[in-house]
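Structure, as structure tokens:
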Amino acid sequence: MSSSKPSIASLQTQVTELQQQRAEDHALILALKAQLDALSPPAAAPEAPAKGKRAKKEKKPRDPDAPKRAPTAFFAFSASERAKSPDEKLTASVLSERWKTLSKEQQDAYKPASASEAAASASEAE
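Using numbering that gives the first Met the number 0, you'd call the opening residue of the sequence shown number 0 and step up by one each time.
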């Protein structure tokens, strides 16, 4: 078995040919890009947010004269629980756990209070 190694001269010739071919291809690419730019109208590129980040939504201006929403049953429950124990600092997570332990009937007991407040706030808005 004889293994023939390419000569240095033949390798240099191949490198030179590949470099010339690459230069010709690069010139062709640039010419095609210029033709494409000339044919296509300039498009306004939308500003894309950074990867992994969402675009910010425009905030609506808040009307200071708009009526407030009526509190939910949970907020009525939270207010009554905090009133029962003013010395104890009740966090939202503690109140949430207590709310989840209430039966449906017990939770419904707080709804009329929020419904009447909703009616009052609705009549206040008119």
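No residue lacks a Cβ here, since even glycine has one placed at the ideal position from N, Cα and C.
- Between A72 and Q106 a beta carbon distance of about 6 Å is seen, short of the 8 Å cut, so the two are scored as contacting.
- In the three-state reduction of the DSSP assignment, K88 falls in the coil class.
- The beta carbon of A65 is closer than 7 Å to none in its chain, skipping five residues each way along the sequence.
- DSSP places E23 in the uninterrupted alpha helix (DSSP H) bounded by I7 to L38.
- For E57, the secondary structure class from DSSP, reduced to helix, strand or coil, is coil.
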